[in-house]
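Heads up: the protein sequence lines correspond to chains S and L, in order. Letter by letter, the first sequence follows residues 29 to 533 of the working numbering. Letter by letter, the second sequence follows residues 29 to 533 of the working numbering. Please read the structure below before turning to the comments.
Number of protein chains: 2
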Amino acid sequence: MTDYQQQYDSLCHEIGEAAKLDSIQQLLEWDERTIMPPKAGAYRAEQVSLLAGLIHERRTSPLVGELLESLADSPLAADPHSDAGATIRVLSRDYRRDSKLPQALVVELSKAKVLAQQTWVQARSGNNFPLFRPQLDNILRLMREMADAIGYAESRYDALLDYFEPEAKTSEVAAALSALKDDLAPLVAEIAQSGRHPKMDILKRDYPIAAQEEFGKRVAKDIGFDFEAGRLDVTHHPFCCGMGPHDCRITTRYDQNFFPSAFYSTLHEAGHGLYDQGLRSDQFGLPPGNYVSLGVHESQSRMWENMVGRSYPFWRHYYPELKKLFPSLGDTPMGDFHFAVNDVQPSLIRVEADEATYNLHIIIRFELEQALLSGDLPVADLPGAWNEKYQQLLGITSDDDADGCLQDVHWSAGLIGYFPTYSLGNMYAAQLFDQATIDLGDLAEMFGRGEFMPLLSWLREKVHQPGSRYTAPQLMQNICGESIDHRPLLKYLRTKYAPLYGIGH
Amino acid sequence: MTDYQQQYDSLCHEIGEAAKLDSIQQLLEWDERTIMPPKAGAYRAEQVSLLAGLIHERRTSPLVGELLESLADSPLAADPHSDAGATIRVLSRDYRRDSKLPQALVVELSKAKVLAQQTWVQARSGNNFPLFRPQLDNILRLMREMADAIGYAESRYDALLDYFEPEAKTSEVAAALSALKDDLAPLVAEIAQSGRHPKMDILKRDYPIAAQEEFGKRVAKDIGFDFEAGRLDVTHHPFCCGMGPHDCRITTRYDQNFFPSAFYSTLHEAGHGLYDQGLRSDQFGLPPGNYVSLGVHESQSRMWENMVGRSYPFWRHYYPELKKLFPSLGDTPMGDFHFAVNDVQPSLIRVEADEATYNLHIIIRFELEQALLSGDLPVADLPGAWNEKYQQLLGITSDDDADGCLQDVHWSAGLIGYFPTYSLGNMYAAQLFDQATIDLGDLAEMFGRGEFMPLLSWLREKVHQPGSRYTAPQLMQNICGESIDHRPLLKYLRTKYAPLYGIGH
């Protein structure tokens with residue numbers, strides 16, 4: 029046992045050093061995306077790739093392999109949900125997977141991604157899909173090779189999805205998203221038929237940026253984001269970067285004439301940040317201190333952004349202060365403001381979509397990327413298939429591919445299997461929120477009084493502190509009694525929209 | 029020869045990777061000193077020490093040692109001032125020195141520095157020297173171990189000084205500083221006896237920070253600082269960090285009611301930044317692309333801060349704009365403003381000291397740190413010794429340690445042997461400025477027209493582009509015909525102060 033304990037300590041030391049290098053890498057990337065001087069880009073790429081090599085070397089070293097093999101049958105691994113057991117289980121799994129990838133494929137893929145992303149930027153700005161086509165073909169070919177090298181039970185897509193949502197099966201995700209689609213389509217149609225529309229000009233008045241920043245920080249702090257262990261900065265594409273046990277940095281972008289842009293990005297990223305800040309710092313970089321899946325991560329951001337930040341009681345609490353900060357609101361009634369931030373409208377761009385239609389954007393991508401990967405959909409036919417699905421699900425079609433199938437960076441970056449985690453996050457959020465309501469009572473009442481700590485404490489205990497000691501499906505099962513379920517999300521959306529649009533519950 | 033060329037390329041590759049890791053380290057430190065969330069400090073210390081170990085490992089690897097040994101007698105090393113020759117010469121010297129340092133000491137020291145700095149911040153803000161005392165004791169213990177491991181000819185201090193001013197001997201530096209002290213004392217006394225004083229209230233009016241920032245950036249840009257390859261941020265203790273071939277970050281601190289504080293810090297750090305930005309980017313991380321010594325680095329910052337930025341023609345050019353930016357200047361005549369920024373007055377704070385007394389601050393620190401290192405001065409007695417020397421040389425004593433021996437970051441950062449380079453810089457600056465005047469003609473006339481490029485181009489050619497192909501004494505010899513000489517500085521000061529204070533030339 030002593031011997032095993034020593035081996036386990038060595039393992040934690042090796043992986044801990046890789047985590048330190050990885051957290052340094054996070055700082056390099058955060059800096060690059062926020063404040064780095066423009067001419068520093070070329071050398072930054074060299075720094076990043078040197079560090080990436082060092083991290084990969086440590087994580088896949090023969091020493092780590094030997095330690096994991098020896099520890100697999102040790103008493104430390106007996107309980108797969110203990111700190112040690114989970115660490116051995118998760119690291120063994122990652123090690124087996126990563127070791128199956130031929131080095132040549134890893135190198136080829138990383139080069140292909142760089143080229144594909146550069147080409148995608150050009151193709152999007154020039155609305156030139158044919159330019160991007162061979163690159164996407166190449167990415168897909170390499171993704172297939174990668175999936176084949178790793179292996180899978182049912183479909184190639186399983187092997188890719190696993191990077192983002194470990195232990196999830198494509199068939200289960202597909203079933204949940206399909207059920208969601210079947211129920212969402214009528215909801216969106218009912219809303220459209222209601223003929224009701226919020227007064228959107230309310231959100232497009234003068235919202236001075238300094239006041240937006242003050243308000244965003246204030247609310248982020250109120251919901252529990254610790255600015256002593258984090259920051260809020262400005263970027264083009266908002267993100268959250270948990271770069272150390274007490275260093276989580278979120279970003280947003282300000283539009284002086286559109287209030288929701290910065291505020292909901294701040295709240296969304298702060299939601300991610302609360303998860304990062306809620307992870308166990310004594311296990312930083314090890315599975316018990318790591319987030320469990322992108323779907324669960326997204327459940328945290330979407331819950332704070334939407335279920336909290338777009339709720340009626342939330343604005344009942346904050347609206348008086350908002351009116352003081354932004355004189356352009358004048359005598360606008362709170363109800364009108366609340367309706368405006370809950371506008372539902374089919375649109376072309378995923379990142380600007382409302383809560384209800386957002387999932388349709390995701391479902392389209394999820395279906396298309398599976399078809400692309402299997403080869404059922406030739407890349408050449410992607411623009412047509414994209415437009416057809418948008419017409420079918422959202423009733424609109426883009427005039428060009430730039431706002432169509434070229435709008436997202438993901439495919440060019442080799443992120444195939446990533447999209448469904450956005451909708452998993454929405455479904456998980458609703459499931460968790462229901463359970464929190466059962467456990468804690470009327471959350472809305474609390475929000476109305478500006479009390480967010482009960483919900484945060486509950487999330488810390490149930491979701492954050494377990495880290496990756498359970499898989500995401502197990503974690504959801506433990507908390508809510510089921511893994512994925514689309515019904516709570518539908519119920520939540522109907523309950524919210526019923527009074528606004530005069531539709532049925 | 030082909031073989032040697034391959035060996036040389038391998039050497040550059042290895043050292044280039046160490047330089048990449050070192051530049052990453054710079055980012056970690058810049059981030060820590062400017063914007064890092066406070067709670068992230070402990071983990072940052074671990075990141076920094078891991079990286080320090082990796083850098084040391086690479087720089088002192090057996091491979092590097094073998095390559096250097098083989099190349100030492102190669103034709104590539106024949107000219108010690110060629111790119112390859114200087115690289116082999118300087119790296120061999122560093123290798124011999126660094127190989128003597130045990131890895132454990134390097135790691136311990138780098139951890140100790142981070143913790144000492146964090147403690148120093150608290151100690152200074154709380155005026156609590158006893159809090160800092162054990163950290164300084166620890167730093168000094170490690171510094172002695174370091175000096176003993178490296179070895180030295182005359183004194184332990186030599187071994188430390190060499191890190192900042194390579195090839196300098198403590199005895200030579202002490203001789204120059206002693207001569208400077210002997211000549212400065214009468215000058216400062218004559219000024220005091222003149223009974224003349226500028227109207228200092230001019231500088232203490234309302235100087236809104238946003239306008240200060242605008243003006244500081246404007247002037248930094250005018251003298252040639254490239255903001256596409258650099259940044260200006262805020263810190264408590266201004267510094268310049270050249271962290272990549274096109275990434276140089278300077279910092280300053282603003283005081284709304286004291287104009288010179290931020291402006292001259294900005295100009296000072298921009299002067300450092302011009303040196304960093306003027307180094308050859310194709311040789312980044314290698315001796316031909318490295319600064320030659322801190323003394324020479326400081327000569328650049330002091331020249332732009334003082335010889336340019338405190339000159340009469342400089343303000344003749346900028347004063348009209350300054351008056352527009354700061355209405356509180358009212359009808360204040362330019363001459364009064366110029367006199368005020370050239371006030372000579374014994375004071376407590378080094379970084380706010382005038383050009384003349386500044387060197388006395390340095391001499392105090394130089395003498396004290398030698399005594400601390402040798403053990404002649406116990407750390408517990410530092411505050412008393414500090415106050416005694418201030419009384420003796422400047423005729424004043426601080427009421428507290430925050431404005432006394434806790435005012436500088438250096439000792440907490442393990443920078444012992446660093447202080448004298450400030451006064452070396454002042455002396456070098458005057459020597460270089462004299463030579464530039466001989467070569468270019470009346471620089472003052474140019475400043476009066478807002479023309480700074482002739483001086484910058486001259487510095488680029490003479491000082492920046494040579495990098496470390498010559499030692500600092502050789503470089504000064506090449507440019508000015510002498511190495512260290514305190515007389516040009518004295519002559520410059522007397523010439524400036526004569527009309528202001530009515531003293532002799």
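From the three backbone atoms N, C-alpha and C, an ideal C-beta is built for every residue, glycine too. Nothing here was measured: the structure is a model prediction, and the numbers come from that model.
Requested in this report: Could you tell me which uninterrupted beta strand (DSSP E) segments, each at least 3 residues in length, are contained entirely in the region 426-512 of chain S, listed from first to last along the chain?
Outcome: Listed in chain order, there is nothing to give.
Query raised in the report: Going by alpha carbons, who is nearest to R477(S) out of Y347(S), Y525(S), K128(S), R86(S)?
Result: Y347(S)
Query raised in the report: Does any C-beta atom of chain L lie closer than 8 Å to the C-beta of E241(S)?
Result: Cβ-Cβ to chain L under 8 Å: no for E241(S).
Requested in this report: Determine the burial state of P527(L): buried for a count of at least 16 other Cβ atoms within 10 Å of its Cβ, exposed for fewer.
Outcome: exposed
Query raised in the report: CA-CA distance, V336(S) and G313(L)?
Result: 51 Å
Query raised in the report: Nearest to M455(S) by alpha carbon, out of P411(S), Q311(S), S206(S)?
Result: Here the closest residue by C-alpha is S206(S).
Report task. List the residues that DSSP assigns as beta-bridge partners of G272(S). Result -> Answer is D275(S), bridged to G272(S).
Query raised in the report: Residue ranges of each alpha helix (DSSP H) run of no fewer than 4 residues wholly in the region 211-261 of chain L, ordered along the chain?
Result: 237-250
**Report entry** 8 Å CB neighbourhood of M362(S) in its chain, flanking five on each side removed
**Finding:** W343, R344, Y347
Requested in this report: Check the Cβ of M64(L) against every Cβ in chain S and list those closer than 8 Å, keeping chain order.
Outcome: One finds D275 in chain S with Cβ atoms closer than 8 Å to the Cβ of M64(L), taken in chain order.
Report task. Starting from the beta carbon of G272(S), find every residue of chain L whose beta carbon is closer than 8 Å, and list them in chain order. Result -> A68, Y71, R72, Q75
Query raised in the report: Going along the region 33-59 of chain L in order, which residues come within less than 8 Å of chain S, judged by CB to CB distance?
Result: E45, K48, L49, S51, I52, L55, L56, D59
Report task. Establish whether the CB of L143(S) and some CB of chain L are separated by less than 8 Å. Result -> no
Query raised in the report: Who are the neighbours of A257(L) on chain S, taking C-beta pairs under 7 Å?
Result: P65, K67, A68
**Report entry** Within chain L, the residues that L78(S) reaches when beta carbons sit closer than 9 Å
**Finding:** E45, K48, L49, I52
Requested in this report: For Q459(S), count neighbouring C-beta atoms within 10 Å of its own C-beta (all shown protein chains included) and say buried if the count is 16 or more, exposed if not.
Outcome: buried
Requested in this report: Measure the Cβ-Cβ separation of A112(S) and L104(S) and say whether it is below 8 Å.
Outcome: yes
Query - Beta bridge counterpart(s) of T280(L) as assigned by DSSP - result: V262(L)
Query - Opening and closing residue of the alpha helix (DSSP H) in which I83(S) lies - result: Counting along the chain, the unbroken alpha helix (DSSP H) around I83(S) starts and ends at 69-87.
**Report entry** Distance between Y386(S) and W414(S) (C-alpha atoms, nearest Å)
**Finding:** 15 Å
Query raised in the report: Under a Cβ-count criterion, where at least 16 other Cβ atoms within 10 Å of its own Cβ denotes burial, should D210(L) be classed as buried or exposed?
Result: exposed
Query - At least 3 beta-carbon pairs within less than 8 Å: the region 298-314 of chain S vs the region 252-260 of chain S - result: The region 298-314 of chain S vs the region 252-260 of chain S: in contact.
**Report entry** Cα-Cα separation, I328(S) to T263(L)
**Finding:** The amino acid at residue 328(S) is misidentified as Ile; the sequence shows Gln. CA-CA distance, Q328(S) to T263(L), rounds to 34 Å.
**Report entry** Member of Q420(L), F253(L), A106(L), E173(L) whose CA lies at the smallest distance from the CA of K128(L)
**Finding:** For the options Q420(L), F253(L), A106(L), E173(L), the alpha carbon positioned closest to that of K128(L) is the one of E173(L).
Query - For Y446(S) and S110(S), the rounded distance between their alpha carbons - result: Spanning the two alpha carbons is a distance of roughly 28 Å.
**Report entry** Close-in-space but distant-in-sequence residues of the same chain around D250(S) (CB under 7 Å, 5 per side omitted)
**Finding:** G478, F480
Query raised in the report: Between H492(S) and G306(S), which are expected to be in contact by the criterion C-beta below 8 Å, what is the C-beta distance as a whole number of angstroms?
Result: Correct: roughly 3 Å between the Cβ atoms.
Requested in this report: Could you round the C-beta distance between A560(S) and R161(S) to whole angstroms and report it? I think they count as a contact, below 8 Å.
Outcome: Not covered by the structure: residue 560(S). The range shown for chain S is 29 to 533.
Query raised in the report: Are the beta-carbon atoms belonging to C269(L) and R281(L) less than 8 Å from one another?
Result: no
Query raised in the report: Taking the C-alpha atoms as reference points, what is the distance between P288(S) and R338(S)?
Result: P288(S) and R338(S) have their C-alpha atoms spaced approximately 10 Å apart.
Query raised in the report: Does the pairing of the region 87-100 of chain L with the region 114-124 of chain L give three or more beta-carbon distances under 8 Å?
Result: yes
**Report entry** Straight-line Cα distance separating V324(L) from G69(L)
**Finding:** 32 Å
Requested in this report: State whether the region 38-51 of chain L contacts the region 391-399 of chain S, with contact taken as three or more CB pairs (one from each stretch) at a distance under 8 Å.
Outcome: no
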